[in-house]
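Peer 1: The structure follows.
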Amino acid sequence: MKRSLLFLAATTVSLFGFSGQAMAYFTDGSLIQVVYQTNGGYEVATDLGAFHPTTAYTGATQTLGNTVTAGSGVFSTATWGDLRVAYFVKQASTSDAWTSGPATGQTSGSRKWVGYQSATTSVMSKYATVAGISNQAIIAKTDSQTYNTTLTTMAGAGGFAGFIPALNGETSLADIDTVGYVDSYLYYYNTPDSALAGTQVAKLRTYGDGHTEVVGAAPVPIPAPIFLLGSGLMALVGIKRKK
74 MKRSLLFLAA TTVSLFGFSG QAMAYFTDGS LIQVVYQTNG GYEVATDLGA
124 FHPTTAYTGA TQTLGNTVTA GSGVFSTATW GDLRVAYFVK QASTSDAWTS
174 GPATGQTSGS RKWVGYQSAT TSVMSKYATV AGISNQAIIA KTDSQTYNTT
224 LTTMAGAGGF AGFIPALNGE TSLADIDTVG YVDSYLYYYN TPDSALAGTQ
274 VAKLRTYGDG HTEVVGAAPV PIPAPIFLLG SGLMALVGIK RKK
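Numbering (this note's numbering), first residue to last: 74 to 316.
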């Protein structure tokens, strides 16, 4: 059986604030999610909104982002195992950093903050240009200012431009095939230019139907219509089977 995934890109429900001005995306303090196909040509980045906790998140489980499904099938030839997800936050004003990693912990490298800041600034600038007034950018992996070329190529996938020496910043989406979601963990670094064990501040759960949740200490059920209104970055839906 061959399994293919139809990638439905997400577009924002509301592009304008109360002032009537277009909202700014891919800015400092926003949680950025990147999904890419290891054997394909594209990556998809989504600004999930301001989320940069410095202590463990203990609130109710909530959906991140404010999007509805739309878009095209850039991952139409992929299986779940072909896809990887990574999350990061940059906060230059406070020299803080947040990166995704495994449940078992994560450590930053010594004197790597400048490289991380430079790389994430470049990537987010490109995403903002490509996305325009949307909170999502679909871009060729080979572009000179992408996650794949700027944050992984020089130091290795999952290394965030050398900031994470263990290269454990990405999560495979393979488990979506069996359990319907995958978990990543967000780590906070408040002295990012030193070798430092990150503080685990949140569990980020990516679902096969497209929405992303931050899982709190005491999960609260959310009605299905809320999921539809807030379906996250990448509605990876429409699994098809054929012989």
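The beta carbon of each residue, even a glycine, is placed where N, CA and C say it ideally should be.
So what does DSSP say about residue 224, is it helix, strand or coil?
Peer 2: The residue labelled residue 224 in the question sits at position 151 within the sequence shown. Helix, per DSSP.
Peer 1: Buried or exposed for residue 172, going by 16 or more other Cβ atoms inside 10 Å?
Peer 2: Along the sequence shown, one-based indexing puts residue 172 at 99. Burial call: buried.
Peer 1: Determine the extent of the beta strand (DSSP E) in which residue 158 is found, giving its start and end residues.
Peer 2: The count along the sequence shown starts at 1 and reaches residue 158 at position 85. Segment 156-164, the beta strand (DSSP E) holding residue 158.
Peer 1: Helix, strand or coil, according to DSSP, for residue 130 in the structure here?
Peer 2: By 1-based counting over the sequence shown, the position of residue 130 is 57. Of the three classes helix, strand and coil, the one that applies to residue 130 here is coil, per DSSP.
Peer 1: Tell me which residues share the same chain as residue 248 and place their Cβ nearer than 7 Å to its Cβ, disregarding the 5 neighbours each side in the sequence.
Peer 2: The count along the sequence shown starts at 1 and reaches residue 248 at position 175. So the list reads 255, once near-sequence residues are dropped.
Peer 1: Please return the same chain residues whose Cβ sits closer than 6 Å to the Cβ of residue 124, not counting the five positions on each side in sequence.
Peer 2: The residue given as residue 124 occupies position 51 in the sequence shown. Closer than 6 Å at the Cβ level, and outside the excluded window around residue 124, lie 104.
Peer 1: Here's a check: name, in chain order, each residue in its chain whose Cβ is nearer than 8 Å to the Cβ of residue 191, leaving out the five neighbours to either side.
Peer 2: Working through the sequence shown from its first residue, we reach residue 191 at position 118. Hits under 8 Å: 234.
Peer 1: Taking the alpha carbon of residue 119 as the reference point, which residue from 154, 160, 130 and 236 has its own alpha carbon closest?
Peer 2: Locating residue 119 in the sequence shown gives position 46, where the first residue counts as 1. Cα-wise, what sits closest to residue 119 is 160.
Peer 1: Looking at residue 151: is its Cβ nearer than 9 Å to the Cβ of residue 113?
Peer 2: Here the question's residue 151 lines up with position 78 in the sequence shown. Here the question's residue 113 lines up with position 40 in the sequence shown. Yes, they are a contact pair.
Peer 1: Output yes or no for whether 9 Å exceeds the beta carbon distance between residue 230 and residue 236.
Peer 2: Looking up residue 230 in the sequence shown gives position 157. Looking up residue 236 in the sequence shown gives position 163. Their beta carbons are not under 9 Å apart, which means residue 230 does not touch residue 236 by this criterion.
Peer 1: Using C-beta distances below 8 Å, list every residue in its chain close to residue 109, excluding the 5 sequence neighbours before and after it, in chain order.
Peer 2: On the sequence shown, position 36 is the one that residue 109 refers to. Only 115, 116, 117, 156, 157, 214, 220 and 221 meet the Cβ criterion.
Peer 1: Name the one or two DSSP bridge partners that residue 200 has.
Peer 2: Taking the first residue of the sequence shown as 1, we reach residue 200 at position 127. DSSP output for residue 200 lists no bridge partner at all.
Peer 1: Determine the closest residue to residue 179 out of 241, 266 and 212, with distance taken between C-alpha atoms.
Peer 2: Sequence index remark: in the sequence shown, residue 179 carries index 106 (1-based). For the residues 241, 266 and 212, the minimum Cα distance to residue 179 belongs to 241.
Peer 1: Any chance the CB of residue 267 is under 8 Å from a heavy atom of the ligand GTP?
Peer 2: No copy of the ligand GTP appears in this structure; indeed no ligand is present at all.
Peer 1: So what does DSSP say about residue 216, is it helix, strand or coil?
Peer 2: Numbered from 1 along the sequence shown, position 143 holds the residue referred to as residue 216. In the structure shown, residue 216 sits in coil (DSSP, three-state: anything other than H, G, I, E or B).
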